[in-house]
Structures are given as C-alpha cells and as structure tokens.
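K.L.:
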Amino acid sequence: MRWTQTYIPTLRENQAEAELISHQLLLRAGYIRKLAAGVYLYLPLMQRVIEKFANIVREEMNRAGALEITMAVLCPAELWQKSGRYFSVGKEQMRLKDRHLHDMVLCGTHEETVTYLIRGEVKSYRQLPLNLYQIQVKFRDEIRPRFGLMRGREFLMKDAYTFDATEESFERSYQNMVDAYYRIFRRAGFEPVKVEADASAMGGKAAHEFMLLVDTAGGEETIVTCDKCDYAANVEKAAFRDASKLSVDRVEKPREVVDTPGASTIEQVTAYLKVPATRLVKTLLYMADGKPVAAMIRGDRELNVAKLKSAVHAVELEMATAEQVEKYTRAPVGFAGPVGLKDVPIIVDPLVAQLKNFIVGANADQKHITNVNLGRDFEASQTADMTFARHGDGCPHCEGRLITKKGIEVGNTFMLGTKYSDTLDAKYLDAEGKEQPILMGSYGIGITRTPQAVLERCHDAKGIIWPTSLAPYLVSLVPVNMENPAHLEAATKVYHDLSEAGIEVLFDDRQERPGVKFNDADLIGLPIRLTIGDKSLKENKIEMKARNEERSELVGFNEVVEKVRGLAKRLV
RNA sequence: CGGGGUGUAGCGCAGUCAGGUAGCGCGCCGCGUUUGGGACGCGGAUGUCGGAGGUUCAAGUCCUCUCACCCCGACCA
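Just so you know, this note's numbering puts 252 at position 252 of the first sequence, and the rest follows in order with no gaps.
(1) Excluding five sequence neighbours on each side, which residues of the same chain lie with their C-beta closer than 7 angstroms to the C-beta of ARG255?
(2) Alpha carbons only, please: which of THR270, ALA263, LEU273 and PHE335 is nearest the one belonging to ALA294?
(3) Thinking C-alpha only, which one of GLN136, PHE163 and ASN481 is nearest GLN127?
(4) Would you grab the beta carbon distance between VAL39 and ARG151 for me? Rounded to a whole angstrom, and I think it's under 8 angstroms.
(5) Would you kindly report the start and end of the unbroken alpha helix (DSSP H) that includes LEU567?
(6) Per DSSP, which residues does GLY361 bridge with? Please list them.
(7) So, with DSSP's three-state summary, where would you put VAL454?
(8) Among HIS459, ALA331, ASP509 and LYS405, which one has its Cα closest to the Cα of ILE223?
(9) Kindly identify the DSSP beta-bridge partner or partners of MET211.
(10) Compare the Cα-Cα distances from LEU455 to each of GLY219, VAL516, PRO338 and ALA490 and report the closest residue.
(11) Could you check where the alpha helix (DSSP H) with VAL396 kicks off and where it finishes?
(12) Tell me which residue opens and which closes the alpha helix (DSSP H) that PHE170 is part of.
(13) What three-state label does DSSP hand VAL235 in the structure shown?
(14) Within 10 angstroms of its Cβ, does ILE69 collect 16 or more other Cβ (buried), or is it exposed?
(15) Helix, strand or coil: how does DSSP classify HIS459 here?
(16) Please work out which residues of its chain come closer than 8 angstroms, Cβ to Cβ, to GLN24, disregarding the five sequence neighbours upstream and downstream, and give them in chain order.
(17) Per DSSP, what kind of secondary structure is GLN268 in: helix, strand or coil?
(18) Roughly how many angstroms separate the alpha carbons of GLN511 and MET177, rounded to a whole number?
(19) At what residue ranges does the segment 100-165 contain a whole run of the beta strand (DSSP E), taking only runs of 3 or more?
(20) My parser needs the beta strand (DSSP E) runs of 3 or more residues fully inside the segment 442-521; what are they?
(21) Does the beta-carbon of GLY392 have 16 or more other beta-carbons within 10 angstroms, so that it is buried, or is it exposed?
(22) Output yes or no for whether 8 angstroms exceeds the beta carbon distance between TYR116 and LEU79.
(23) Helix, strand or coil for LYS97 per DSSP?
(24) Which one or two residues does DSSP pair with MET61 in a beta bridge?
(25) Within the same chain, show all residues whose beta-carbon is closer than 8 angstroms to that of ASP430, passing over the 5 residues directly before and after it, in chain order.
(26) Does the segment 353-362 come within contact of the segment 302-314, defined as at least 3 CB pairs closer than 8 angstroms?
(27) In the structure shown, what three-state DSSP assignment does ASP259 receive?
(28) Per DSSP, PRO76 forms a beta bridge with which residues?
(29) Quick one: is CYS229 buried, meaning 16 or more other Cβ sit within 10 Å of its Cβ, or exposed?
(30) Rounded to whole angstroms, how far is the Cβ of GLY654 from the Cβ of VAL235, which I believe are closer than 8 angstroms?
(31) Please determine, among ILE347, SER244 and GLY290, the residue with the shortest C-alpha to C-alpha distance to PRO276.
(32) Using the three-state DSSP reduction, which class does LEU284 fall into: helix, strand or coil?
(33) So GLU399 and MET211 are in contact, right, with Cβ under 8 angstroms, and what is the actual spacing, rounded?
(34) Write down the C-beta distance between GLN382 and ALA311 rounded to the nearest angstrom, noting that I regard them as a contact closer than 8 angstroms.
(35) DSSP state of THR216, grouped into three classes?
(36) Roughly how many angstroms separate the alpha carbons of TYR31 and PHE518, rounded to a whole number?
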C-alpha cells in the first residue's frame, strides 16, 4: 500500500483526552478516532490489526472444532426477560423500542440468543457436543467507559458457546477452549495468565479469566498468584490462608461495654483502646436485594463485595445508607455490632470465627463492647470468607505466599452449567430417553481490547512496536527523498518485488522530509523498516532495520525478499 | 450515580479574575529553497468561542439553564 493512497492521520502531539499510553498511541498514530464516550472509529491501520487478530482467533477456534456463525445484534427483550437477565443486567444494557413500540435489546453477550437458536433443534444426545462462535460487535452501556478500546460501549468480541450432554464431555469442551485460548494469546505475542474468576455474575459454577500482565495504569484487574504452586485467581475470587500468627486467648472473658468517644473508625478505635486491628471486628451493613445483612470481618481486613454477594446469593448488593444503618442498629454509623442486633442475618468471616474476646460496636453512640465471643454473645446465621486476599497472605493450596499483580482481562471462560438451558428450556433426550437440560459454557475474547492491551507492553518512547502477527503491514518502505529519481526508482522496484512475494508493505511515498517519515514509521510501529537513500544506494544496497533493534543491515536488491522473510521469522 | 475538571481554528493551548476589533504554536493551501531523524523564507485560508436564554450601549468574558467530554470512586470483554 502506498501511504498517499491510504488514510493515516498521524498527529504530532498527544490528544489531551488520552491517559493511557496505548490509547495515546492509537490516537496519535492514526489508528482510531473517538465518536462519543466509549465509541470509536477504526481507521485503515486499525482495521487491518483487527482483521489480523480476528483471523488468529478464527483459525484457532476452527481448529478447536468450533463453528462460526453470526447472530443478530438486536434481540427481542422477551428472551432476556425469560432468562431473568433483563432485570439483573439493568442499565448496562442498551435498549430501544422499534416502530411498533416493541422492546428490543442490543446484545452485550449472546447466551439468550444462542440458546434460542439450538432449543428445539438440538433434541438428542447424538447431536452433542456442539460448539458455536461468532465475532461481532457488542454493546454495553458501561458506567464509565475509559481507556479507548479497553472499555468501550461498543466493541468487538469473539463469543463462543458450548453445549454438552454429560459432565465429562463438558469438562473436555471447556478444557479444549482453554487450550485454544493459550494458543491464541501466544500467537498474539504474549503469554497469558489464566486465573480463577468469580462466576456469580454469569450464573455459573466456575470461571476463568485470561490476563495480560502489565505494570501500568492499564492494569485494571488485580490478580494474585502463588510463589510456589500454580494457583492464580482474580482478587475478587481469590481464597487465601491467613498467615498472621495471632495469639488467641484460651478463656472467654466477661464482656464489657466501654466508652469510645470520638472513635468510630478502625484506626480511631485501635488508637483509643491501644489494641491491634486484629482484635477488632467490623460489622458492615449491606442491603442484599432489599434486605439487610451484617457482615463481620476482622479489623485489619477489607470486605470483598463480590464474595459477600455470592455468599448471600444476592442479585443486587449495596452498602446500607446511613439512615438504614441507624434504623437497624439504632446507632450512628461506626458503632454497629452483632450483640442485640435484631432482624438482620449475621454473616461471619472464618477469621472472625477463630477469634476470642474481640471488640465490636455496641449499637450505641460512642460505645464499643470488648471481650465478645461468637456463640456466647451472638449467633451467626452463616460463616463465609468475605475478605480480599492480600499480598503476602498464604496460598490456599500450599505453603507458598500470594503475590499480587496487575493485569488486563483479554478473555474469559465460563462454566454456565444449566442456568440458560433451564430458564430458556433447552433440553435433550439422553440414551435412556430421559429429558435433560443441556450443559453450557460461554467463552469470550475482546477482539478490539486485546490489541490495545498488547500495546501497553509493546512500545517505546517513539511509538508502537507491533508483534509481527498483529502488525497492519510487515514493512515500512522509506525512500529518503521522493524527488531523487534514484531513490524513487529503487523504492518502487523494492515495493513491487516485496508485493509480488506476498509481503505486506507500506510504501511511504509522501513528499516529506526524511525526519517526518522516520518519526511516523517509528510511531505506527511496523516491525521492519527498509530505508532507501544515498548511504545504502552507493553500495547498491537497501538498509534493513527491525523496529525494536538499534542496528541495521545492508541487503542487496536481489536478496531483499529473502532477508525480510528471515528477519520477520526471527522477530516472530 | 457521587466528587473534581474541561469545552475558543484540524490538534495542543492562551484570552474569562477586571466586558470594548478573537489570538499563539503545530498542522493545512500557494510559490521558492531544502532532503538520512518532526527544515526555512514569503504569501494565504480556517472560528455559530459547546448550546439556549438573560443582563448590558457592548458578552469568549457576567447570570440562569442545558449538552458534551475527561479524570477519581461504586463488582466489567
């Protein structure tokens, strides 16, 4: 492609709106433009990157036995009402009415549609397993779109759905997709980290996420990994072993109400009573689907709302307002406690259950109670892990320690089980002629997010450095001076030779000074640059340089195709 | 949704406090010189100052309302 025949509007300065390096680069290098918050336009270079990545995904999905289809973006609201998600997904869903005033949905995922598709058609165990996928635009009205393609309201996604008759078959289908995901992300130039994830949002029994690890602001997800074994989980899901060596009292002491004037936070109470935070227990009030619950966690720990939500099986969970706290505890915020708390189920964290003689709020203004004990002073309705794992906590599976890291979620896999086949009535007949719900899995990959995520790592001060598999073209061909007939003639010949050989070349045929061309070439980040100027022409050669290497090499006109191929292979 | 901020030429910004001819840099167009890391000279084009209403002789500037966008927090590929 000739530069003058395509559209690559590079900018000399960063656009003010972009915070993240990868987002800045895509804007400045002329890959994307913004239309509205979280809505982007893909320019010719981006279009090619998307096609490159989508084709990798397509090849690996096909290899895994998945069948490509295309489902509609529009969906009658009725289907989502049936599955129940019309109400649980809420405002994140883009909704509209058609001309007949029928409620419609712009899909952000396709479990409902795909279940509709196979329901009634797949009736026998003989038709299973089945694996369907599509690569298509998705709509999610995110609370806060940000970081360019990382969190858009309209984006491209590969979504796959598996259907199985037996648990064993389901496990195989799931593992098959996991294997495909590793192949896909490795081909895209990075080693993904697979972590356990919270499955409750999708209503399944298990889930994993694939992360690209970064140490920049783009790492929206926190994950923990074990320094000894292969345990890895999203921090929302991560289990842990409390490794702090606390001395626990042997004898229960009589409880005592104490005045704690002006002390409502953990810091204030520990300072006032001169005790460590591990002796304090926070009682936090939440509203789970409109009903109050009290979560009791040790003073040094943070509540993990995702864990609490799944412990109480809530669809909606939010922190109680100050008014609600006062209504249930009859005390201002900061003094809630379990003793005498009525009509509110109490969930106790296992780390609290181990304690003796701990300190809690007294449900009275400016007062706490010391030497409180579970069983003697109050009853728990449930015990559940509700806190975040922290850096340095023990691994739940071995003697190792947990390490926290930042990552970008580029893919996920969900074991849905029968949630959608139950609600949307997708059943098959087994060998005995008995009707059974189909076991389903769903599997996503962010097609527009992943290339940007890769850029969080693949860049330097001058611009993008694409892995060859995602680069929009392999070669930047730069004649130093378009008005020098020798340069032009040599460049044109190389352009034709490479093109004939099937190598993708971007020929910078602009009437620009060399500095501009070199800077733009570095900015857009093609893996290989061929420069044609007096320096090399006087030896009748071409200068070949990898974008991510300093040194360059002179190659002859007859060997340029072979040399470019060789370098590309080395770069991978 | 809560908190903070910004809307002035394609991009980056000044001008707003203190009302009085709408500016700067880059980019863009023309001519000439230049050509191995974002050239130089001369000439030129480009604005509903986010929108609506109001105050005023006069509004980019003051007031009211409104829209959009960005950043930080509230469970997301």
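Ideal Cβ positions, reconstructed from N, Cα and C, are used throughout, including at glycine. Small disclaimer: the values here were computed from a predicted structure and weren't measured.
P.N.:
This is what the structure holds:
(1) Numbered from 1 along the first sequence, position 255 holds the residue referred to as residue 255. The answer, listed in chain order, is ILE369, THR370, ASN371, VAL372 and ASP377.
(2) For the purposes of this step, residue 294 is taken as residue 294 along the first sequence, with counting starting at 1. Comparing Cα positions, the closest option is PHE335.
(3) For the purposes of this step, residue 127 is identified with residue 127 of the first sequence, where counting begins at 1. Looking at the Cα atoms, PHE163 is the closest of the given residues.
(4) For this step, residue 39 is matched to residue 39 along the first sequence. For this step, residue 151 is matched to residue 151 along the first sequence. Wrong, their Cβ atoms sit about 12 angstroms apart, outside the cutoff.
(5) Taking the first sequence and counting its residues from 1, one reaches residue 567 at position 567. It spans 560-571 - the alpha helix (DSSP H) in which LEU567 sits, taken as one unbroken run.
(6) Residue numbering aside, residue 361 sits at position 361 when the first sequence is read from its first letter. Answer is HIS368, bridged to GLY361.
(7) Sequence index remark: in the first sequence, residue 454 carries index 454 (1-based). Correct three-state label for VAL454: helix.
(8) Numbered from its first residue, the first sequence carries residue 223 at position 223. Of HIS459, ALA331, ASP509 and LYS405, the residue nearest in Cα terms is LYS405.
(9) Reading the first sequence from its first residue, position 211 is the one you call residue 211. In the DSSP assignment, MET211 is bridged to VAL193 and GLU409.
(10) Here residue 455 refers to the residue found at position 455 of the first sequence. Of the listed residues, the one whose Cα sits closest to LEU455 is GLY219.
(11) Indexing the first sequence from 1 puts residue 396 at position 396. Sequence inspection shows Pro at residue 396; the Val mentioned does not correspond to that position. Careful: PRO396 lies outside any alpha helix (DSSP H) and carries neither H nor E.
(12) Here residue 170 refers to the residue found at position 170 when the first sequence is read from its first residue. Element bounds for PHE170: 167-187.
(13) Locating residue 235 in the first sequence gives position 235, where the first residue counts as 1. The answer is coil: DSSP assigns VAL235 none of H, G, I, E or B.
(14) The residue you call residue 69 lines up with position 69 of the first sequence. Under a 10 Å Cβ-count criterion, ILE69 is classified as exposed, with fewer than 16 other Cβ atoms of the shown protein chains found around its own Cβ.
(15) On the first sequence, position 459 is the one that residue 459 refers to. Secondary structure at HIS459: strand, using DSSP grouped into helix, strand and coil.
(16) Taking the first sequence and counting its residues from 1, the one referred to as residue 24 is at position 24. Excluding sequence neighbours, GLN24 sits near ASN14, GLN15 and ALA18.
(17) As a first step, residue 268 is located in the first sequence; it is residue number 268 there, counting from the start. In this structure, GLN268 counts as helix in the three-state DSSP scheme.
(18) As a first step, residue 511 is located in the first sequence; it is residue number 511 there, counting from the start. As a first step, residue 177 is located in the first sequence; it is residue number 177 there, counting from the start. Each residue's CA atom was taken as its position, placing GLN511 and MET177 some 49 angstroms apart.
(19) Complete beta strand (DSSP E) runs here, min 3: 103-106, 130-139 and 154-164.
(20) Runs of the beta strand (DSSP E) inside the segment 442-521: 475-479 and 505-507.
(21) Sequence index remark: in the first sequence, residue 392 carries index 392 (1-based). GLY392 should be labelled exposed.
(22) Counted from its first residue, the first sequence places residue 116 at position 116. Counted from its first residue, the first sequence places residue 79 at position 79. Yes, Cβ-Cβ distance for TYR116 and LEU79 is below 8 angstroms.
(23) Mapped onto the first sequence, residue 97 falls at position 97. LYS97: strand per DSSP, three-state reduction.
(24) Taking the first sequence and counting its residues from 1, one reaches residue 61 at position 61. Partner(s): none; MET61 has no beta bridge.
(25) As a position in the first sequence, residue 430 is number 430, starting the count at 1. Excluding the 5 residues flanking it on each side, ASP430 has same chain C-beta neighbours closer than 8 angstroms at TYR125, ALA165 and GLN436, in chain order.
(26) With a cut-off of 8 angstroms, the segment 302-314 and the segment 353-362 do not count as touching, because too few Cβ pairs lie within range.
(27) By one-based count along the first sequence, residue 259 stands at place 259. ASP259 falls in the strand class under three-state DSSP.
(28) Within the first sequence, residue 76 is the residue found at index 76, counting from 1. In the DSSP output, where bridge partners are listed per residue, PRO76 has MET104.
(29) If you number the first sequence from 1, residue 229 lands on position 229. By the neighbour-count rule (16 or more Cβ atoms within 10 Å), CYS229 is not buried but exposed.
(30) The shown model of the chain, from 1 to 572, leaves out residue 654, and the question about it has no answer.
(31) Translated into the one-based positions of the first sequence, residue 276 becomes position 276. With distances taken between Cα atoms, PRO276 lies closest to SER244.
(32) In the first sequence, counting from the first residue as 1, residue 284 sits at position 284. Reduced to three states, the DSSP call for LEU284 is strand.
(33) One-based indexing of the first sequence puts residue 399 at position 399. One-based indexing of the first sequence puts residue 211 at position 211. The C-beta distance from GLU399 to MET211 rounds to 24 angstroms, too long to fall under 8 angstroms, and the pair is not in contact.
(34) One-based indexing of the first sequence puts residue 382 at position 382. One-based indexing of the first sequence puts residue 311 at position 311. So it is a contact: roughly 7 angstroms between Cβ atoms.
(35) For the purposes of this step, residue 216 is identified with residue 216 of the first sequence, where counting begins at 1. Look at THR216 here: in three-state DSSP terms it is coil, with no helix or strand label.
(36) Mapped onto the first sequence, residue 31 falls at position 31. Mapped onto the first sequence, residue 518 falls at position 518. The straight-line gap from Cα to Cα measures roughly 18 angstroms.
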